[in-house]
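Those protein sequences? They're chains W and U, same order as listed.
First residue of the first sequence: 392, per our numbering; consecutive thereafter.
First residue of the second sequence: 392, per our numbering; consecutive thereafter.
Cβ atoms here follow ideal geometry from the backbone N, Cα and C, with glycine treated the same way.
From a predicted model like this one, the values you see are computed outputs, not experimental measurements.
Number of protein chains: 2
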Amino acid sequence: MNTTTAQGTRANSATRVAFQGERGAFSEEAALRLLGEGIALVPRPTFESLFAAVGEGAADFALAPVENTLAGSVQRSYDLLLEGALHIVAEVIIPVRHCLVGCRGSSLDSIRTVESHPVALAQCERFFAAHARLRRVTADDTAGSVAEIVRRADPTRAAIAGRRAAEFYGGVILREGVEDDRENYTRFVLLAPVPEVREGADKLSLVMTLPDGLGALCAALAPFARRRVDLLKIESRPVKAEPWSYHIFLDLRASLLEADTAEALAELRERAASVRVLGCYPSARANEAEGLARLKD
Amino acid sequence: MNTTTAQGTRANSATRVAFQGERGAFSEEAALRLLGEGIALVPRPTFESLFAAVGEGAADFALAPVENTLAGSVQRSYDLLLEGALHIVAEVIIPVRHCLVGCRGSSLDSIRTVESHPVALAQCERFFAAHARLRRVTADDTAGSVAEIVRRADPTRAAIAGRRAAEFYGGVILREGVEDDRENYTRFVLLAPVPEVREGADKLSLVMTLPDGLGALCAALAPFARRRVDLLKIESRPVKAEPWSYHIFLDLRASLLEADTAEALAELRERAASVRVLGCYPSARANEAEGLARLKD
């Protein structure tokens, strides 16, 4: 952690950043990594309340997880991006390392149950296979599980969560790196009420619908492909009022500061039924000193 | 329900079909709609055990949900399709209608809590807004919730589930159609240990990876677009060992019984890093007498 900002985003003690989860969550770590320790953290219990936080005046920005390299897209975030009017102004990627956390006085021998978010438990299959006597208990989130086991002070109960949660609540780390796969990263986007294209912006996110279901996808991608603009990710979500129709989300290696991108977008608008630019921002790779992000292009 | 088969799939009393969930689940309804009442139903508690059922000899087919028109793709099914070696041989679409189900002696006035799968609860927001005194309780599945409230016989507890679950466990339907959105359908695929392209097959499902991340997607789609083959759905799932790389799943309006499709596939194989055909089968639309499916193309 440091107090400088990772993305050039202005952050000071007045900057309030909403995240989903309890204090100590991976989302909190992502907010601090992106914006520095000086920010005011605004924990929100649900994704709905996270996305509503800026509009309600409770926060200046919202930081939402959009993708994990093992679990895939966070579908709820995509739907709420679509339903709301927030703009992506930055992104950040953090590694997810799971720790087995007990209360003071606990040990690997004393514990009998391990609680956490079901995705976190599922990412530690090998650990559970090697310790077959441990019973898994699902909980709402990782950091909240640590808060609970520390509060209960029962040496038979442990949680799986990040190091930050263990330190925040005063839990004891019994084992670090219990995840099966080290290639475990989560990508978050920073959402603001007004669009802003910062210097260094090299990634463009948009969402579109196509006139005839998905038949026109190839035509819609062509304006970018012809200009050698790389497509980094494609995601589809249902159009709720129209079964078997889809909103198509694209992440492209492109900047709105370049004329080529504006031309490709103009062509796309002629071919698509609707196009909405979600944001143009510096990709996490460009600022990732730790070399954690290995975006392919 | 009827005893004829909806998809021409041979079904008799020896045909064992695995589904995920408890007896009375929406998946069970889908199995019966597709294969008729004569089949032997094999309920499996988890998606993992569902996909393993055929290989273990516990079932002849597995029926897996892949998509809901409100909730979107069932990510776990896509991952397990990829990890396993099963083949899609048919599909079926069922409408999802939620009922409020109580035990005998209960009424809309007597209930205080309503339990169900979180997705089902989330699909009934308007009902809960109109009955603000009702507390929502999340459970593992819809049918299991009904089993539990009938067993407890507590008139303050109700569940949300389909009519079939209410009837199976002897619950009382207190209100039918409590979902917010009637355009609520779930699509399932029937999985078999060997591929089979039946007469009338008009839908092709495949999964591919591309050489340079997603940059080559437009080129990969072109062989189909040029032949006016409609793309019905695209879904991406992470390649677990390679962060920011994706498996791309395509559903196309195409038949392996036609030469055009074989040519397009051959071209695709030259452009993609890997291509695996998941199955070629009659689309649910073609056999949907009830007009429930409104597939766009």
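Inside the segment 444-515 of chain W, DSSP marks whole beta strand (DSSP E) runs of 3 or more residues at positions 452-459, 478-486, 490-493 and 504-507, from first to last along the chain. In the DSSP secondary-structure assignment, I564/W is bridged to V492/W. Scanning G475/U, A476/U, V408/U and R667/U for the CA closest to the CA of A450/U turns up V408/U. Classified as buried, R676/U has 16 or more neighbouring CB atoms from the shown chains inside 10 Å of its CB.
Annotation: the segment 561-619 of chain W contains the following complete segments of the alpha helix (DSSP H) (minimum length 4 residues), in chain order: 608-617. DSSP places A632/U in the coil class of the three-state scheme, outside both helix and strand.
Your pair L597/U and V668/U checks out as a contact, with CB atoms roughly 5 Å apart and the cut at 8 Å.
Beyond the five residues adjoining it in sequence on each side, A616/W comes within less than 8 Å, by CB distance, of L622 in the same chain, given in chain order. In this structure, the CA atom of L656/W is about 15 Å from the CA atom of C609/W. Closer than 7 Å to the CB of A613/U there is at least one CB belonging to chain W.
The C-alpha of F640/U lies about 11 Å from the C-alpha of S464/U.
I625/U has a beta carbon lying within less than 7 Å of a beta carbon in chain W. Its Cα nearest to that of V541/U, the residue E506/U stands out among E506/U, G591/U and F518/U.
Not a single CB atom of chain W sits nearer than 7 Å to the CB of R414/U. For D642/W, the uninterrupted beta strand (DSSP E) run begins and ends at Y637 to L643, by DSSP.
The beta-bridge partner set that DSSP reports for E420/W is empty. Below the 7 Å Cβ cutoff, chain W contributes C609, L612, A613 and A616 as neighbours of C609/U, in chain order. Of all residues in the segment 631-653 of chain W, the ones placed with a Cβ closer than 8 Å to any Cβ belonging to chain U are K631, A632, E633, P634, W635, S636, Y637 and I639, in chain order. In this structure, A511/U sits near H489/U, with a CB-CB distance shorter than 7 Å. E574/W has a beta carbon lying within less than 7 Å of a beta carbon in chain U. Straight-line measurement puts the Cα of A405/U at about 47 Å from the Cα of T437/W. With a cutoff of 7 Å on beta-carbon distance, Q466/W and R435/W are scored as not near each other. Take E570/U, set aside five residues on each side of it, and the residues of its chain with a beta-carbon closer than 6 Å to its own are H489, Q514 and C515, in chain order.
In its chain, beyond the 5 residues on either side, C490 have a beta carbon closer than 6 Å to the beta carbon of R554/U. Residues of the same chain with a CB within less than 7 Å of the CB of F519/U, apart from the 5 flanking positions on each side, are L525 and R527 in chain order. Counting every other CB atom within 10 Å of its CB across the protein chains shown gives S665/W a total below 16, marking it as exposed. By the C-beta density criterion, S498/U is exposed, having fewer than 16 other C-beta atoms within 10 angstroms.
Assignment of T529/W by DSSP, reduced to helix, strand and coil, places it in the strand class.
Beta-bridge analysis with DSSP links R667/U to V598/U. Looking at the DSSP output, F410/W sits in a beta bridge with P434/W and L454/W. Beta-carbon to beta-carbon, L595/W and A611/W are separated by about 14 Å, too far to satisfy the 8 Å threshold.
Beta-bridge partners of A550/W (DSSP): V492/W and E506/W. By alpha-carbon distance to D593/W, the top candidate from E474/W, S646/W and V492/W is S646/W. Near chain W, meaning a CB-to-CB distance below 7 Å, the residues of the segment 456-475 of chain U are T460, L461, G463 and Q466.
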